[in-house]
Amino acid sequence: MDIVDKLNSRFLTQSLVPQGDGLPAEELEKYKKIASGYAEMENAVAVLSDMHTNISYVYYGHFAQTLGWKQVPGTEDRIDSIWEEAILKQIHPDDLREKYLQELRFFHFMRRQPKMKRADFYLASKLRMKDGAGNYQFVLHRLFYVSSPVENGLWLALCVYTPWLPMFSGKSVVVNSVTGEVMELARRHDSQILSYRETQILRLIAKGMMSKDIAILLSISINTVSRHRQEILRKLQVKSSIEACRVAKELGIM
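Numbered as in the numbering used here, the sequence shown ends at 429 without a single skipped number.
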């Protein structure tokens, strides 16, 4: 799906390490053990995605058999992508689209949090996924982000899939695991993704205005307009102004 390319453009271009350096292998091993622990203790399917190397590690609990997979519980698979295609193709198309939009919202929410507080939050979503018989059933998807230990970017993403728990209300919520606070990332949070000036320029772009005309209207240089346009594409994880307008409308920004 094209939105995967948009998310890739944001996730995989972050500043995670100083140029020429790598991330500590022992930190990765620690989180691989945590992912494996979720699979073992909760019978979950756990996917740990490394956004520095574009590699994922998948761990299987007994819930994998409900989804129709034959992997032996306790095993690990390595995927050369941060997207777990075998899982994603079993998610209802409507829920998959919403999943990507919520992950975009959560990504920006986490980027706004102090680095020391990011470990307090995870995203919990209700998805419809096909089981081994081809029928849709409700699944609880939890998403955790791990910051780079040396930079401000988000380095690892841990996705945990288990049967749906009725105690979670709503379709998709952010949970503070320290305080128990639950919040929805709705349109009031979307408005914080772009600055006022970026939103203003995007609305003018949507009207068909060229950069030089926007510059004259707003009394700014065309170079400033170009910088804002590039920042809009980066924040919305898209490659063109047309896509930016569409995603912004889906998020309720414009």
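Quick reminder that beta carbons are idealized off the backbone N, C-alpha and C, glycines included.
Item to check | Whether Ile428 touches Thr374 by CB criterion (9 Å) | outcome: Going by C-beta atoms, Ile428 is nearer than 9 Å to Thr374.
- Would you kindly work out how many angstroms separate the C-alpha atoms of Ser386 and Met285, rounded to a whole number? So the alpha carbons of these two residues sit roughly 32 Å apart.
Are three or more beta carbon pairs between the stretch 237-253 and the stretch 269-284 nearer than 8 Å?
The answer is no - the stretch 269-284 does not touch the stretch 237-253, with fewer than three Cβ pairs under 8 Å.
Review point. Who pairs with Asn351 in a beta bridge, going by DSSP?
Key: DSSP lists Phe296 as the bridge partner or partners of Asn351.
Problem set entry | Cα-Cα separation, Arg287 to Ile368 | When rounded, the separation of the alpha-carbon atoms in Arg287 and Ile368 is 10 Å.
What three-state label does DSSP hand Met358 in the structure shown?
In this structure, Met358 counts as strand in the three-state DSSP scheme.
For this session: Note down, in chain order, each residue of its chain lying with its Cβ closer than 6 Å to the Cβ of Phe319, except the 5 sequence neighbours on either side.
Result: The answer, listed in chain order, is Tyr297 and Leu333.
- Roughly how many angstroms lie between the CA atoms of Leu340 and Asn327, to the nearest whole one? Spanning the two alpha carbons is a distance of roughly 33 Å.
| Fully enclosed by the stretch 234-298, which beta strand (DSSP E) runs are 3 residues long or longer? | Counting only runs of 3+ residues, the beta strand (DSSP E) found wholly inside the stretch 234-298 occupies 251-254, in chain order.
- Message: Using a Cβ-Cβ cutoff of less than 7 Å, which residues in the same chain neighbour Ile397 once the five nearest sequence positions on both sides are dropped?
- Response: The answer, listed in chain order, is Ser386, Lys387 and Ala390.
**Request:** Report buried or exposed for Tyr371, applying the criterion of at least 16 other Cβ atoms within 10 angstroms of its Cβ.
**Result:** Classification for Tyr371: exposed.
Over the uninterrupted beta strand (DSSP E) stretch that includes Gln312, give me the two end residues.
Taken as a continuous stretch (DSSP letters only), the beta strand (DSSP E) holding Gln312 covers Tyr311 to Ser322.
**Message:** I need the straight-line Cα distance from Ala381 to Leu392, nearest angstrom please.
**Reply:** Those two C-alpha atoms are separated by around 15 Å.
| Ala210 by DSSP, collapsed to three states: which one? | Three-state result, Ala210: helix.
| message | Does the distance between the C-beta of Ala239 and the nearest non-hydrogen atom of the ligand COA fall short of 8 Å? | response | With respect to the ligand COA, the structure offers nothing, as it holds no ligand at all.
Q.
Along the chain, where does the beta strand (DSSP E) containing Ala221 start, and where does it finish?
A. Segment Val220 to Asp225, the beta strand (DSSP E) holding Ala221.
When the Cα atoms are used, what is the spatial distance from Glu215 to Lys208?
-> If I take the Cα positions, the gap works out to 10 Å.
Quick check: what's the CA-CA separation for Gln152 versus Trp258? The displayed coordinates of the chain run from 176 to 429. Any statement about residue 152 would go beyond what the structure contains.
message: DSSP three-state label for Ile230, please.
response: Under the three-state reduction of DSSP output, Ile230 falls in the strand class.
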